[in-house]
Amino acid sequence: MTRLTSISALEALRKEIISRRDPARLKVSVCSGTGCRAYDCDKVIDRLKSGISHHGLSEKVEVVTTGCHGFCELGPVMAIYPEGTSYFKIKPEDVEDIINDTLSQGKLVERLLYVDPEGQVQAKERDIPFYKYQNRVVFGNNHYIDPEHIEDYLALDGYCALAACLGGMTPEEVLETVKKANLRGRGGGGFPAGRKWETTRNAPGDVKYVIVNADEGDPGAYMDRSILEGNPHSVLEGMLIGAYAIGAHKGFIYIRQEYPLAVENLNRAIGQMRALGLLGENILGSGFDFEIAVHRGAGAFVSGESSALMSSIEGKVGEPRPKYIRTSISGVHGCPSDLNNVETWANVPIIFNKGVDWFTSIGTEGSKGTKIFSLVGKVNNTGLVEVPMGMTLHDIIFKIGGGIRDGKKFKAVQTGGPSGGVIPEDMLDLPVDFDALTLVGSMMGSGGMIVMDEDTCMVDVARYFLEFLADESCGKCVPCREGITQMLHILKMLCAGKGKPEDIDVLQEVAAMVKECSLCALGQSAPNPVLSSLKYFRAEYEAHVNDKCCPAHVCKELISYHIDPAKCKGCGKCLRNCPVNAISGSKKEPHVIDLDKCTKCDTCFMVCPPKFSAVTKLSGSETLPAV
Amino acid sequence: MSYLLAKVDQIIDGYGAEKEALVQILLDIQHEFRWLSRETLLHTAARLGLPMNHLYNVTTFYKHFSLVPQGRHAVSVCVGTACHVRGAMRLLDRVSQGLRLSPDETSADEKFSLKTVSCLGCCALGPVMVVDGKYMSNPTSNEIAVIVEECE
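Chains as they are written, first to last, in our numbering: chain Z, 35 to 661; chain Y, 29 to 180.
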């Protein structure tokens, strides 16, 4: 790669890359994101590559190993372009048929196609409901880009927006454009990015920094990871545009070390930028200089908070400080520092490539553009989905997500991670945007969307989030450190059946204190999971306190396992699998669980064949049906 | 100088022995030796001109650092929200029982270390257990026993 010294040289390179590509050549895009890797997609890719060269198809077919496609439920996932034929749940032994039938003769391999809930086979990506109702503005290019090759990004108008900014716009014009687009922060708070940029730009000081917040801490969200793994240049381009508008010449990327693949792809992408002259001095001959340093986080949820993150970049512990002066004015080393989340940065080039009018035509009055959610939990189509702001929760969960697993009943959806709350069924028509979610006691957060069914205990979920937060609270301020601990203690007591009637009131009182008095957003939002579940599912709390009953059969101390003699056929499967030999019974006779020995590990419930479903969980005053 | 400290020096020099790079240096040392021994910490403190209490402050604050040796086989159970609602606590109980270890413990023979992690990004498989990079979706007690057996 030779260093590009002008914008015209970048355009010439882009033309050359495109001209070298044969549009008729089949492009087999195989997802190699974290989800598909867990399904051993590497073996599929190896077989595919060797099979294609073995069959002499290399001229006709190109294999692209890409980042996450989003449809993690059915991985490993493959799409064949230009047609967009999609195959799912591919095993290494399926590859031979894909090569012989589809790649050689254009025939479909029926068994790998998507079958929709009505039983209709859908061969094309665009016809599959999971993709059809999405608007994949930020995430869509993941299908076409091999993150190892900057050429793939350049071929899709990569760095066009940067060239337009450096070549024909003043920093003020760039800033105005982002303000006009009303791009709001995708990391949680939804603060307008343009205003943040402006504060940093106008703050006194010669040295300024821009920072990418890739410390994705929400334990149920992985979209930032998937953007960085699959399309790192989109984030880097956004960052450069922001730096130009702000007048920063150094940037940091703060990324969790738990994301090794994202770190690897990011570092490679930065190396490619440097080689092409998109980083360093006098970028594209514009006179603009910029450098990037990657900083790996060592595991601390609170370090995603802006002041904590910046202290962590300085090599110290990542504890927050009171923010009488914002980090946009005094951040890293006391210099004005602009911090935006991965998804926010990835939106920036799109605003310039497609225009402000186009961008603001998507979304609601107050929230423009799209948002990526990780749609997970008890939903049929687990995966990453990108939808226009304002789509209803119902459409996301039922149209895209395909409804609830195993025919169970929807109970609630949790958004916003540990800082968010649960939203009950009667609010499913809520349009998803920053303001609407905050109004009902939850929040957008980074985009975790955890679907819960009738088998999810709301008290247990509140306990879960508080356990996470108690562990992650840095301990600097008393309200957060002690308040969360006390709330957690009460919730643990409720889950153990040791709750007292006054506990619920105390819980609410402590929650209000923690919300009001904590130093940073971690503490201020920590009571949300408790308060929202209390608001919408109070009866469940009361059942735990008054009846010592967990209606969802989750809280271990409140349930016991039984075998229904009317249903048990004595197959012996539970008996053989029980790790503590608590089950007895002779062949073809109903089995019995010894409750003194039972450790409630759930194994018998899992292994009992669905046609019998003889293992039952009971709680409170519930009894087995009479024989 | 021992091989160990020579390696530590190499890592520190890679970052120009800058104080600011402390977290990055410790991450690399941890990656190399799977834990941070007192010897390596003392050496790092001396090289960077930092007091030991600063190093202990940093190493005990961040989750990833371990001040005790880690087992040869890393076993993690995902306790992210999606895995939690699909029964991660029951899985953790089973794994704990199978390995005879509590989370964050290492067996006496340094064979296994059990950890919990938050969201691995493979929520469709949840609840998930990972043994040395191999993913398993909700294994039963017997399946866990087989895995324990197979590890050297």
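Here a beta-carbon is modelled for each residue, glycine too, at the ideal position from N, C-alpha and C.
Asked: Check whether the segment 537-553 of chain Z and the segment 567-583 of chain Z are in contact - that is, three or more C-beta pairs closer than 8 Å.; Found: yes
Asked: Mind reading off the beta-carbon distance from residue 400 (chain Z) to residue 468 (chain Z)? Whole number of angstroms is fine, and I expect it under 8 Å.; Found: 7 Å
Asked: For chain Z, check one thing: does any of its Cβ atoms lie closer than 7 Å to the Cβ of residue 44 (chain Y)?; Found: no
Asked: List the residues of chain Y that residue 472 (chain Z) touches, going by C-beta distances under 8 Å, in chain order.; Found: Here the premise fails: no neighbours, minimum Cβ distance about 20 Å.
Asked: Could you please give the first and the last residue of the uninterrupted beta strand (DSSP E) stretch that includes residue 652 (chain Z)?; Found: 649-653
Asked: If you follow the beta strand (DSSP E) that residue 96 (chain Z) is part of, which residue opens it and which one closes it?; Found: 95-100
Asked: On a CA-only basis, which of Z:588, Z:152, Z:189 is nearest residue 662 (chain Z)? Give me that one, please.; Found: There is no way to answer for residue 662 (chain Z), as the model of chain Z reaches only from 35 to 661.
Asked: Which same chain residues, not among the five before or five after residue 524 (chain Z), have their C-beta less than 6 Å away from its C-beta?; Found: 537, 541
Asked: Would you call the segment 478-486 of chain Z and the segment 411-422 of chain Z in contact, with 3 or more CB pairs under 8 Å?; Found: yes
Asked: Is it true that the CB of residue 108 (chain Z) sits closer than 7 Å to the CB of residue 122 (chain Z)?; Found: yes
Asked: Looking at the C-beta of residue 84 (chain Y), does it have a partner C-beta in chain Z at a distance below 7 Å?; Found: no
Asked: Please return the same chain residues whose Cβ sits closer than 8 Å to the Cβ of residue 547 (chain Z), not counting the five positions on each side in sequence.; Found: 513, 517
Asked: Assuming the contact rule is C-beta atoms closer than 8 Å, residue 119 (chain Z) and residue 58 (chain Z) should be a hit. Round their C-beta distance to whole Å, please.; Found: Incorrect: roughly 16 Å between the Cβ atoms, too far for contact.
Asked: Using 7 Å as the limit for Cβ to Cβ distance, is residue 726 (chain Z) near chain Y?; Found: Residue 726 (chain Z) lies beyond the residue range present for chain Z, which begins at 35 and ends at 661; the question has no answer from this structure.
Asked: May I have the straight-line CA-CA distance separating residue 263 (chain Z) from residue 99 (chain Z), to the nearest angstrom?; Found: 11 Å
Asked: Quick check on DSSP: helix, strand or coil for residue 113 (chain Z)?; Found: strand
Asked: Short check: CB of residue 318 (chain Z) to CB of residue 200 (chain Z), under 7 Å?; Found: yes
Asked: Note down, in chain order, each residue of its chain lying with its Cβ closer than 6 Å to the Cβ of residue 108 (chain Y), except the 5 sequence neighbours on either side.; Found: 146, 147
Asked: What separation, rounded to the nearest whole angstrom, lies between the Cα atoms of residue 53 (chain Z) and residue 176 (chain Y)?; Found: 54 Å
Asked: Between which two residues does the alpha helix (DSSP H) containing residue 386 (chain Z) stretch?; Found: 376-388
Asked: What's the C-alpha gap between residue 168 (chain Z) and residue 640 (chain Z)?; Found: 34 Å
Asked: Would you identify the three-state DSSP class for residue 330 (chain Z), choosing helix, strand or coil?; Found: strand
Asked: Ignore the nearest five residues each way along the sequence and tell me which others in residue 396 (chain Z)'s own chain have a CB closer than 8 Å to its CB.; Found: 169, 171, 402, 403, 404, 422, 423
Asked: In its own chain, which residues sit with a C-beta less than 7 Å from the C-beta of residue 582 (chain Z), not counting the 5 before and 5 after it?; Found: 531, 592, 654
Asked: Could you tell me which chain Z residues have their CB closer than 7 Å to the CB of residue 153 (chain Y), listed as they occur along the chain?; Found: 72
Asked: Chain Y partners of residue 133 (chain Z), CB-CB under 9 Å?; Found: Within chain Y, no residue comes near residue 133 (chain Z); the closest Cβ sits about 26 Å away, beyond 9 Å.
Asked: Unbroken alpha helix (DSSP H) runs of length 4 or more, entirely within the segment 502-560 of chain Z: which are they?; Found: 512-529, 537-551, 555-559
Asked: Note down, in chain order, each residue of its chain lying with its Cβ closer than 6 Å to the Cβ of residue 631 (chain Z), except the 5 sequence neighbours on either side.; Found: 614, 616
Asked: Answer yes or no: does any C-beta atom of chain Y fall closer than 7 Å to that of residue 484 (chain Z)?; Found: yes
Asked: So residue 259 (chain Z) contacts chain Y; which residues on that side make the cut at Cβ distance below 8 Å?; Found: 149
Asked: Just checking: is the beta-carbon of residue 58 (chain Z) within a distance shorter than 7 Å of some beta-carbon in chain Y?; Found: no
Asked: Taking any Cβ of chain Y, which residues in the segment 427-454 of chain Z have a Cβ under 8 Å from it, in chain order?; Found: 448, 451
Asked: When you compare the CB positions of residue 102 (chain Z) and residue 341 (chain Z), do they come within less than 7 Å of one another, or not?; Found: no
Asked: Can you name, in chain order, every residue of its own chain whose Cβ lies under 6 Å from the Cβ of residue 283 (chain Z), other than the five neighbours on each side?; Found: 323, 324
Asked: Rounded to a whole number of angstroms, what is the C-alpha to C-alpha distance between residue 475 (chain Z) and residue 97 (chain Y)?; Found: 44 Å
Asked: Consider the Cβ of residue 650 (chain Z): report whether some Cβ of chain Y lies at a distance smaller than 7 Å.; Found: no
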